[in-house]
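A short write-up of the structure that comes next.
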DNA sequence: CTGAAAGCGCTAACAG
DNA sequence: CTGTTAGCGCTTTCAG
């Protein structure tokens, strides 16, 4: 592999000059700049950024710790992140994980060891250890879409509490009173917020909260199917279901289909995420949309701001987007 | 940020000893090892891998250059890659791109500048510049799923020609003779191979190839809709459609639905990828499946082998998986 | 404008 | 077993 020395030798100048020439410093004559650049190009020289960053203590790299992308909404977010990195000339190191504090912690640590300039984390786990670790990280950190309270980190995401309210009010306005909630895990921040919004909205409209209508673990299809069976066989079965994600919503619809229960005639379903091609389903899904791409972009922008001002003053920033209801065909008036 | 010197001072030993202790070298007494590790832990010391790799010329990092994940099949592959990296203690740097040789080249370059130990590329572009660049890369490179001929790189992927044949023979066995092909871009390797398989299989069964039945650009929904309209209005309209991806297939189905054309009674449709939840569609999609997760894993394993043997002997490896036909409800006998 | 020298944080080789 | 030294490839003073 060519180093700066090799280029220097071929160009007949010192390594220091090569460095300056390649970085377009103004204290190098144009003629040497041109010569050095030509030689470097010819040799296929690629500067060793690792070595550079050891002296500049800047890697122009940011890290992302995010759960696996089973959910297309996460991909849109990732796209937004990648897009903003690209236009700001930062390299992105994406660490996918299966969720959980332990893996998240070890990935964040690996990133710090590689001296990324900043980190974006979408935490799905919430151990004390992770929380303390995040609080202590010396480089800028922004949490995206999922939150851990009390870390003092910046945050960019959507208002899930509001999202739940929007969706619930849609159902209630259609006359539904028996509404079930299908979540993943209550420990996941957004899921907790959604569930809270679900409950509070019921209360607001004087509808009693029935805990047997709140079901968890629905990212596993087997569990989901059992949950559907169970809930549809309770004394007063729900006439509407609110799902934590479009994927769960679609799974529920499929299961109801097998049970010969019609959507939306018998049961209304509302999802969360607005996954593009679910609008192509035979019963297009009513859902609550977030500006995922934008969230990804804005997260990076906020992070880069923090990096640029280098921890000088640190006014914690929060950027919270408002979800939007998208009514399609999977919700309708409550069955009498 | 703590350095090895700080730890050394606190532990009352030399930096060299700290390094050895933390790396668990056997020429350090157990007592100092314990002490050093305790002190490091207390200080929250995280070794600077950047600095380490400068001397070891090993980063324990591999890079991935892959197009955006609009297609869930790519995500499965990415999961496989990430999974294998994790179990081999390598960090993965994922570079997503919008496709095209230029971006791919610049991302590969960024990775090399960061001294990754090896690179996985799924090239969708194919400029001479990219090809030459890839050929010259001095670190191990494995191409995944998409190929550029003549680079001498290792390859792990699926046999798309065979995949096309399998799908086509299914349609032909159902009596179809007018079969259309809906692709993305012929420059994309897999798409070209699929189209070739489509054509050759027609020939094999003595069915004339009609170029007006081959349509491109279908990753754009508008173009796709126009293509569907056009092809369904030709003199002898197709009774079956082979799509380059499940996403395209589902878009076609949706469009046909709007045109009041029934699947599979009027037109059979077969996709490619086996995206999990399309099996939940009201007309479950017949498709051709690839072992995506496995492809991701195997790609990493092959790459790590190359890295381990450090370019000693380089028998080019190719690992090609056989696609599998999955018959569901979107294909049926040809309409008379 | 150019070159020489120091040093980023770490490991490896070699003394002791 | 431990410490000292050199050096990975680069940038950045600081002389010239």
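Residue numbers (the numbering used here), protein chains in the order written: chain Z, 17 to 352; chain A, 17 to 352.
In this text, a Cβ means the ideal position worked out from N, Cα and C, and glycines have one as well.
Query, Result
"Check for me: the alpha helix (DSSP H) holding residue 170 of chain Z runs from which residue to which?", "Residue 170 of chain Z -> not in any alpha helix (DSSP H); beta strand (DSSP E) instead, spanning 170 to 174."
"Could you tell me whether the Cβ of residue 82 of chain Z comes closer than 8 Å to any Cβ of chain A?", "no"
"At 4 residues or longer, what runs of the alpha helix (DSSP H) sit wholly inside the stretch 98 to 139 of chain Z?", "117 to 129"
"Name the two residues that bound the continuous alpha helix (DSSP H) containing residue 362 of chain Z.", "Nothing can be reported for residue 362 of chain Z, as the shown portion of chain Z is limited to 17 through 352."
"For residue 191 of chain Z, tell me which candidate among Z/48, Z/176, Z/218 and Z/91 has the shortest Cα-Cα distance.", "Z/218"
"Applying a beta-carbon distance threshold of less than 7 Å, which residues of chain A neighbour residue 20 of chain Z?", "Those do not exist, as residue 20 of chain Z stays about 13 Å from chain A at its closest Cβ, beyond 7 Å."
"Got a sec? Which residues, its chain only, sit under 6 Å from residue 180 of chain A by beta carbon, not counting five neighbours each side?", "210, 213 and 214"
"Please list, in chain order, the chain A residues whose beta carbon lies closer than 8 Å to that of residue 67 of chain Z.", "70"
"Below 7 Å on C-beta distance, what does residue 289 of chain Z contact in chain A?", "None at all; the shortest Cβ gap to chain A is about 13 Å."
"Could you tell me the distance, in whole angstroms, from the CA atom of residue 23 of chain A to the CA atom of residue 61 of chain A?", "8 Å"
"Going along the chain, which unbroken runs of the beta strand (DSSP E) with 3 or more residues stay wholly within the stretch 260 to 298 of chain A?", "284 to 286"
"From the DSSP output, in three-state form, read off residue 79 of chain Z for me.", "strand"
"Terminal residues of the continuous beta strand (DSSP E) containing residue 304 of chain Z?", "303 to 305"
"Run down chain A in chain order and give the residues with a C-beta less than 9 Å from the C-beta of residue 30 of chain Z.", "Within 9 Å Cβ-Cβ: nothing; residue 30 of chain Z doesn't reach chain A, min ~21 Å."
"Three Cβ pairs or more, each shorter than 8 Å: is that satisfied between the stretch 132 to 149 of chain Z and the stretch 74 to 85 of chain Z?", "yes"
"Measure the C-alpha to C-alpha separation of residue 59 of chain A and residue 159 of chain Z and round it to an integer number of angstroms.", "25 Å"
"Hey, quick one: how far does the alpha helix (DSSP H) through residue 27 of chain A stretch, first residue to last?", "20 to 27"
"Run through DSSP, which three-state label would residue 157 of chain Z get?", "strand"
"Based on the DSSP output, what are the partners of residue 335 of chain A in its beta bridges?", "A/172"
"Beta-carbon of residue 120 of chain Z versus every beta-carbon of chain A: anything under 8 Å?", "no"
"I'd like to confirm something about residue 214 of chain A: is its beta-carbon nearer than 7 Å to some heavy atom of the ligand MG, or not?", "Summarising the ligand content, the structure contains no ligands, and the ligand MG is consequently not present."
"Return the bridge partner residues of residue 9 of chain Z from the DSSP annotation.", "Because chain Z in this structure spans residues 17 to 352, residue 9 of chain Z falls outside the shown range and cannot be described."
"Is it right to say residue 220 of chain Z is buried, meaning 16 or more other beta carbons lie within 10 angstroms of its own, or is it exposed?", "exposed"
"Taking 7 Å as the limit between beta carbons, can you name the residues of its chain near residue 206 of chain A, skipping five residues before and five after?", "161, 162 and 176"
"If we ignore side chains and look at the alpha-carbon of each, how far apart do residue 51 of chain Z and residue 129 of chain A end up?", "22 Å"
"What three-state label does DSSP hand residue 190 of chain Z in the structure shown?", "coil"
"Report yes if the C-beta distance between residue 309 of chain Z and residue 95 of chain Z is below 8 Å; otherwise report no.", "yes"
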